[in-house]
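Data block below; observations after.
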Amino acid sequence: MKKSYPLSMSDERTLPQDFAGWVYVWDIDKTYLATAFSSLRGLLRVPLEFAVDKRAIPGMPEVLRGLRRGPGPEFLCAPLYFVSASPPQLRGVVAQKMLLDGVEFDGIIFKDWLGTLLQLSPYRLREQVGFKLAALLHGRRRRRHAREALFGDDVERDVEAFDLYARMLSGEIGAGEAEAEMKRHGVRRADRRFVRAALDEIPSPRGTVERIYIHLERDTPPERYARFGPRVRAVRGACQLALALFAESRVDGECVRAACRAVRQSRHRYNDVPRLVEDALARGLIERDRLAALELDRV
């Protein structure tokens, strides 16, 4: 029997085969929810948590609802998918948390912890780049022509995985270079084989990754992401993320105001809205004339 990367997938929405619109793919852990993956203790605690134990990063539910709604007067119902390194046994807990937050979604890909152990590969419980590549490519098979925006963080090496996926998908790099990069990022040989096979199953022409948004959960200096080019946007929390999305007409002004209001009322490190706005302007996440329409001084 042919083995594949141990993923657990659900997809509740069938898009047209020629769908070429926007699709939003979010990492759950440390991007939407404050999941504790940074320590072994935190990792082992994950399967034991209930929906009420899950804490959303301030303002992120507002951003997710805004993306789903879209920037115009009509409800867009934009395709929204999630990727999580949590085990699939948490599917009900995560779905309940999203229900509590008013977040509608179309599917989730979990890392199959049991399948990983049955394949005698416990290293996968902590490895992220190979998992994210496998998950994104498996999701892409069902929406080959879509324009994707990916959302991650600076905790789980998301930018490396997302950027490599984008370049592999578009053909910017060949098989040899992709193999070398995966190896450099610590992706094991068997997992590199799974990733190559998943890519080969997606015929050309393919859609592209238009944007990669990285939430700076660890307050990584944003300039470190300059080497990834203009496709990557580093943001300090939900307020800046909403500003960047508004600048690109992905959400409306009410989404930005709601996200920034939630941030201001929180105890998160990124809760100084005026400072966040000035930083967003300085780094080109939004232009001043676009910002003026938001009236954020009322938030």
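Take 0 as the starting number for the sequence shown in numbering that gives the first Met the number 0 and just add one per residue.
Built from N, CA and C at the ideal position, the CB exists for glycine as well.
Hey, out of the options, whose CA is closest to residue i's CA?
i, options, result
"Thr34", "Arg263, Pro204, Leu89 and Leu293", "Leu89"
"Glu200", "Arg139, Asp296, Thr207 and Tyr122", "Arg139"
"Ala292", "Val255, Leu284 and Asn270", "Val255"
"Arg183", "Gly20, Leu163, Glu147 and Pro57", "Leu163"
"Ser265", "Gly236, Ala281, Gly252 and Ile285", "Gly236"
"Arg192", "Gly175, Gly252 and Val92", "Gly175"
"Ile108", "Pro72, Asp10, Ala177 and Leu215", "Asp10"
"Arg64", "Lys29, Asp105, Ala233 and Tyr4", "Asp105"
"Leu117", "Arg249, Arg232 and Pro5", "Pro5"
"Gly101", "Arg205, Ser120, Gly206 and Val62", "Val62"
"Thr30", "Leu244, Leu240 and Val276", "Leu240"
"Gly71", "Phe245, Glu126, Leu14 and Arg230", "Phe245"
"His214", "Asp17, Trp25 and Arg12", "Trp25"
"Ile128", "Val186, Tyr269, Ala225 and Arg249", "For clarity, residue 128 is Val in the given sequence; the question names Ile instead. Nearest of Val186, Tyr269, Ala225 and Arg249 to Val128, Cα basis: Val186."
"Phe161", "Pro204, Asp218, Gly228 and Pro220", "Gly228"
"Ser120", "Arg274, Arg226, Glu277 and Asp190", "Asp190"
Mapping DSSP to helix, strand and coil, what is residue i?
i, result
"Leu32", "strand"
"Leu63", "helix"
"Ala292", "coil"
"Tyr269", "coil"
"Gly252", "helix"
"Arg156", "coil"
"Glu200", "coil"
"His214", "strand"
"Val125", "It should be noted that the sequence gives Arg, not Val, for residue 125. Looking at Arg125 - three-state DSSP - the assignment turns out to be coil, as it is neither helix nor strand."
"Gly106", "strand"
"Tyr224", "helix"
"Ser9", "strand"
"Glu147", "strand"
"Asp298", "According to the sequence provided, residue 298 is Val. The question's Asp does not apply to it. Val298 falls in the coil class under three-state DSSP."
"Ser38", "Low confidence applies to Ser38: its pLDDT is 43, below 50, so where it sits in the model is not reliable enough to give any reading."
Less than 8 Å between C-beta atoms, sequence neighbours within five positions excluded: which residues of the same chain meet that for residue i?
i, result
"Val272", "Cys238, Cys259, Val262, Arg263, Leu295 and Val298"
"Pro202", "Arg143"
"Asp111", "Pro5, Leu6, Ser7, Pro86 and Pro87"
"Leu75", "Arg67, Arg68 and Gly69"
Can you tell me the Cα-Cα spacing of residue i and residue j, whole angstroms?
i, j, result
"Arg223", "Val158", "11 Å"
"Met0", "Thr115", "A caution first: Met0 carries a pLDDT of 42, below 50, which makes its placement in the model unreliable, though a value can still be read off. Distance between the alpha carbons of Met0 and Thr115: 16 Å."
"Tyr212", "Met59", "13 Å"
"His137", "Leu66", "23 Å"
"Arg282", "Leu290", "13 Å"
"Ser3", "Val234", "34 Å"
"Gly170", "Ala177", "10 Å"
"Leu149", "Gly206", "13 Å"
"Gly91", "Arg195", "31 Å"
"Ser38", "His267", "Below a pLDDT of 50, predicted positions are generally treated as unreliable, and Ser38, at 43, falls in that range; no measurement from the model is reported."
What are the boundary residues of the beta strand (DSSP E) that includes residue i?
i, result
"Ala233", "Val231 to Val234"
"Leu79", "Leu79 to Ser83"
"Tyr23", "Trp21 to Asp26"
Given residue i, which residues of its chain have a CB within under 6 Å of its CB, disregarding the five upstream and five downstream residues?
i, result
"Ile27", "Phe81 and Ser83"
"Val78", "Per the sequence shown, the amino acid found at residue 78 is Pro instead of Val. Within the same chain, Pro78 has close Cβ partners Val22 and Asp105."
"Ala279", "Gln239, Leu242 and Ile285"
"Ala19", "His144"
Hey, could you find the ends of the alpha helix (DSSP H) residue i is sitting in?
i, result
"Gly98", "A small fix is needed here, since residue 98 is Leu in this sequence, not Gly. From DSSP, the alpha helix (DSSP H) with Leu98 extends over Arg90 to Asp100."
"Gly138", "Val128 to Arg139"
"Gly114", "Trp112 to Leu117"
"Lys182", "Ala174 to Arg183"
In its own chain, which residues sit with a C-beta less than 7 Å from the C-beta of residue i, not counting the 5 before and 5 after it?
i, result
"Phe130", "Ala84, Lys110 and Arg123"
"Glu216", "Lys29, Asp152, Asp153 and Val154"
"Arg166", "Ile172"
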